[in-house]
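Number of protein chains: 2
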Amino acid sequence: MIPRRKHNASSGSLPPPDDKHASNDYILTDTEARCGWRAALRRRFNRKTLHKRLPVTSWLPQYNAEKAVGDLIAGITVGLTVIPQSLAYSNIAGLPPQYGLYGSFLGCFVYIVLGGCRAVPAGPTAIASLLTYQVAGGVVEKAVLLAFLAGLVELLMGVLGLGFLINFVSGPVSSGFTSAVALMIATSQVKDLFAISVSGTTFLQQWISIFRNLHAASLWDPVLGFSCIALLLIMRKIGMIKLGAKSEDGPSTKQKVITKCLWMVSTCRNAIVVVATGLLGYWFVATYGQPPVRLMAENSRSGAIPSGVPSPQLPPFSYVRADNSTADFLDMVSEMGSGLLVIPLIVLLEDIAICKAFSDGRTIDATQEMIALGVASIANSFMQAYPGGGSLARSVVSNGSGVKTTLNGLYTGVMVILALQFFTQYFEYIPKAALAAVIVSAILFMVEYNVIKPMWRAKKLDLIPGVGTFVLCLTLPIELGILTGVIVNIIFILYHAARPKLSVEMLKTERGVEYLMITPDRCLMFPSVDYVRRLVTKHAASSSVPVVIECTHIYSADYTAAKSIEQLTGDFHARRQPLYFYNVKPSVCSIFEAVAKPEHFVVFYEDDELDRLLAADERLEPAKLAPALAPA
Amino acid sequence: MIPRRKHNASSGSLPPPDDKHASNDYILTDTEARCGWRAALRRRFNRKTLHKRLPVTSWLPQYNAEKAVGDLIAGITVGLTVIPQSLAYSNIAGLPPQYGLYGSFLGCFVYIVLGGCRAVPAGPTAIASLLTYQVAGGVVEKAVLLAFLAGLVELLMGVLGLGFLINFVSGPVSSGFTSAVALMIATSQVKDLFAISVSGTTFLQQWISIFRNLHAASLWDPVLGFSCIALLLIMRKIGMIKLGAKSEDGPSTKQKVITKCLWMVSTCRNAIVVVATGLLGYWFVATYGQPPVRLMAENSRSGAIPSGVPSPQLPPFSYVRADNSTADFLDMVSEMGSGLLVIPLIVLLEDIAICKAFSDGRTIDATQEMIALGVASIANSFMQAYPGGGSLARSVVSNGSGVKTTLNGLYTGVMVILALQFFTQYFEYIPKAALAAVIVSAILFMVEYNVIKPMWRAKKLDLIPGVGTFVLCLTLPIELGILTGVIVNIIFILYHAARPKLSVEMLKTERGVEYLMITPDRCLMFPSVDYVRRLVTKHAASSSVPVVIECTHIYSADYTAAKSIEQLTGDFHARRQPLYFYNVKPSVCSIFEAVAKPEHFVVFYEDDELDRLLAADERLEPAKLAPALAPA
């Protein structure tokens, strides 16, 4: 075996190579947990912390022209994606189209200063829009207050260090949830694709309603919608073409330019479709007065989309219901219910998953992401935006356009402001079916059917929370679906904690005495100790040989475990069957010794000690020992 | 190292000593999990299962005169305890005194046949009585239906194998709960001790009310009550005297007889106090007409306690409320609410804790206990009893009287029937203060202040759920208190699962190449993988040496872990930093391999393989390797 040197991981740097301090204890690498308050306070106010909490301070001093160009191109490209997306997603949220744009500029500016991941342009997302619709029910005031409160919750979670909660949403649950949301969003767009009215809240009800009303579908809406979908999918495919990639000399300059152009067309496909169909709509209105397809104008309350950037104002803390009664702040909060926790959690979950995907191997500071998104969402709520966060589609575009820092958000935000200032009157001419096509052609790739095969091969049991969450999210209210999935998965973890595996071996000491070696494979904590005690008692009772419990894998224990060990040692003592503990970690040993009677609790660390212990143990009759142990 | 032989623990017997089959896999010792359905079916109908499910079949054939004597003495002694206890506990439950006795005979008979633990006489318990009062509010019909439904739930839990749920109530939570209940029960008796009226539901409210009303206390009730408490505590102490135990020849026959008599007096102290004060009350009524203390007669609705064994009848599925409206079955169930789950769980928890304490090292079949208690409770409900179970006080008496089998319950039950048949009219003369004294002097020893010190020494963190449950049970509704305690404790387990410890070591291969060895101390499951990945990335980034992840302690993994490992290997590959996995268990390896790219995921099992791998790894520049590895 190679001689080992342990080094304290919390020191942050490696020790000099000749430093040979050994330690058998495992070392907690979480620095927070080991330092005192004073050190913690000092740490909060040094330069490293400044860089951590205001990431802008770490990259702005090194900003240069090359980075500026990368950010400019990425920012404008993302802008061309975010504007049609914002219009479409506000439709999912059941809000007039301009509200999507309201959430796409101030948050971007905040994220420049606070954000840690350059490829995450904050703005409306499909999932957050659907959840907003489910929680706010298309009431603007509730949606805006939701953005404010969700931001507060995100900020609080960041400050309180509750980021670890996100870890309890496992991969399968997350996949099941995302896939279900994608199907529900696609379903919500069918009404615009076919220009029919759809009732019902659950997935099943909506599809029943769709099939009932399909006969009333107009002709031109689906024609336009499906043409757009086809066009978008083709343009998406075009972007993957890499001319000359297979030739031996690599692509020629001409090939490179064409590849880049194709990629640009593919990236701006949403903008192209929206502008083109918008022009079409404008031409129809100008020429015939009444277009054959439904236009966006129908979506906004007054018929016209208001132009200009909204003036900053407090989020609404009350609103007038449809029946003219006034809902105050508490009414609104109680109507939102669990959505107040689910939306921030889901937004953070999505955002951190994106950060990880584009981290290039750097670590993600989840706390900083929560603070950044929280402040961005609060700021957005002052611009009458609804909840949003990072969206995978935008991050892919941003990363592909050569983004360098979070400053790219500046250009995106400016583009959105320009759109709000000068182009809103033209948005009215965009056909609804075209926007639905934008959503559907993007959302279909969120259905993660491709995870099923590796999940089946890796661990079939993981399909239960995965498929379960998928089905539950489609049948139950969506936040209840994911909550149930998470709880089922936590039960897996608890069952795992409660049912350790034990290996049982009949061994012989060096001097030939038979003994039973029982090895639990993990920590002794309260849900599992009784199970372990029961199994040890059962196996020990089947023979009267000495029993050794191998504690190498027991890294921690608790009071309940210690009480159980006390009972176990007492039982063995009463039965006059020797029981020893082998290789108990000092930290665990001190827990057991605090409770168990010292004369019953015998620990040894070297293999050859066992014979000596057995020879000295008065509980064991000499006849039971092998002749080798009998006094010569 | 001693050569090891593994033996498959699920086979149930040890292999012959010369059988040397080795296996590195851990073996699940839970037989249920490994056998097929057919084997499971066959197992359900063999003799062993009969003994397990009808324990009477295993001990009755070996029943003999010696055992009969032991059971007779124990049964009668327990009877002398259970009768005054039943009268007192029904007062805690807010019911007329006879209802305690109604629950003390049929359940005993059922337990003879189905029960697995000889020292557990089923009957009313202090905790179950308090919970019944909180759930049923002193309404007889609700209390009886509660016994029926609680029995059903216990039976169901047994049949469905949900016994493992009890393991999630840890020692500290259980201690905190029991102590809080003891204080609340003692508080509930103060009104009878001082003959005052007490209002309020929480602990604090009741004590405020007590201090407000104390001026109205009568003189003779407290005098009688505290005299009885003093007498009971002295008699309790007397039972611990062992004459001649310290003399060298052991106790003489005379000393033995006196010791036994003292023990008998101590054991029957409740009966002695109740009979003596009952006679006193009778004498006062007979002589003066009006006694100076309040008597039991006031407790029963009609003034007189009805005599005789109740005729069996269905539990009531509806009742008439105080306002003359009728509550049907569903109303009753919804009024009981969470009590329907809390009462069975607490009763089982208490019962199984007692079984363990008197198991003499044998394993407890929790499933069988659930079935036995469930059927006993259902049977009791047909006798109009309220929920009950095993009580520690009775088990101590039973065990101390030399109980041999569960047949002792027969004599206890018969005594209760005799009491109901012939003595109920005399119960009316028992002073309330005397019964309160019986409860208080027993309950005070349930406050587990003595667990605080070992808990402090063993694991200070365990004081949080312990003390927290205690405080919460006193301030919140009691079932909410224990539920919160359990949830807090589960969060500890989850945090433990989410934050594994990593040891980080800088090592050198045999040929002198430096590498970083990172060893996680437990399984990689979804709550912890991201944390591990983050730490590995952080430590690996601080130097560019090869990294080895030591997987000896990783016994299982899931899909989320595999995805995270895939990202990790991809990141290292992109950074051209070698990453290897050492000693991965085959089961874990297959999970990782199902997801990770094979060229990135390199596993080795022998120390000397590492040099070979490093020499072959093209990611590592030769300059970074020690000269020893460079081609000679």
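Residue numbers (the UniProt record's numbering), protein chains in the order written: chain A, 1 to 632; chain B, 1 to 632. Virtual Cβ for every residue (Gly too), placed ideally from N, Cα, C.
Of the residues the options, which one's Cα is nearest the Cα of residue i?
i	options	result
A/A562	B/G151, B/P172 and B/A143	B/P172
A/N213	A/K191, A/L502 and A/A433	A/K191
A/K597	A/M446, A/L579 and A/S587	A/L579
B/M506	B/V257, B/F317 and B/V545	B/V545
residue 687 of chain B	B/L494, B/D558 and B/S307	Residue 687 of chain B lies beyond the residue range present for chain B, which begins at 1 and ends at 632; the question has no answer from this structure.
B/V603	B/C551, B/I76 and B/L183	B/C551
A/K356	B/F358, B/R533 and B/V198	B/R533
A/W59	A/V113, A/N46, A/P500 and A/V82	A/V113
A/S334	A/Y102, A/H51 and A/V135	A/V135
A/L224	A/A433, A/K254 and A/Q85	A/A433
Look up residue i in the DSSP assignment and say whether it is helix, strand or coil.
i	result
A/K242	coil
B/S391	coil
A/E248	coil
B/G94	coil
A/F211	helix
A/T326	strand
B/M383	coil
B/G161	coil
B/G103	coil
A/V139	coil
Tell me, please, whether the CB atom of residue i is closer than 8 angstroms to any CB atom in chain B?
i	result
A/C523	yes
A/F168	yes
A/P546	no
A/F164	yes
A/H496	yes
A/D328	no
A/T454	According to the sequence shown, residue 454 of chain A is Pro rather than Thr. Closer than 8 angstroms: yes.
A/N583	no
Check the Cβ of residue i against every Cβ in chain B and list those closer than 8 angstroms, keeping chain order.
i	result
A/V447	Residues of chain B passing the Cβ test: none, with the nearest at roughly 17 angstroms.
A/F177	In chain order: nothing, as chain B lies at least about 13 angstroms away.
A/I127	Chain B residues near A/I127: none, gap ~19 angstroms exceeds 8 angstroms.
Would you give the residue range spanned by the alpha helix (DSSP H) that residue i belongs to?
i	result
A/F572	Y559 to R575
B/P527	F526 to A541
B/L130	A126 to A136
B/S58	V56 to W59
Under 7 angstroms between beta-carbons, which chain B residues line up against residue i? List them in chain order, please.
i	result
A/P291	Here the premise fails: no neighbours, minimum Cβ distance about 47 angstroms.
A/G171	F526, Y559, T560 and K563
A/I493	L494, A497, M525 and P527
A/A594	P454, R457 and A458
At a CB-CB cut-off below 9 angstroms, which residues of chain B make contact with residue i?
i	result
residue 637 of chain A	Outside the shown range of chain A, which is 1 to 632, sits residue 637 of chain A, and nothing can be said about it.
Check the Cβ of residue i against every Cβ in chain A and list those closer than 7 angstroms, keeping chain order.
i	result
B/K459	D558, Y559 and I591
Step through the CB atoms of chain A and report whether any lies within less than 8 angstroms of the CB of residue i.
i	result
B/Q255	no
B/Q567	yes
B/L613	no
B/A322	no
B/K48	no
B/M157	no
B/D530	yes
B/I490	yes
What are the boundary residues of the beta strand (DSSP E) that includes residue i?
i	result
A/K191	Element bounds for A/K191: not the beta strand (DSSP E) but the alpha helix (DSSP H), G171 to F194.
A/P520	E514 to P520
A/F581	L579 to Y582
B/L507	L502 to K508
Note down, in chain order, every chain A residue with its Cβ under 9 angstroms from the Cβ of residue i.
i	result
B/D617	Near B/D617 there are no residues of chain A at all, since even the closest Cβ is about 18 angstroms away, more than 9 angstroms.
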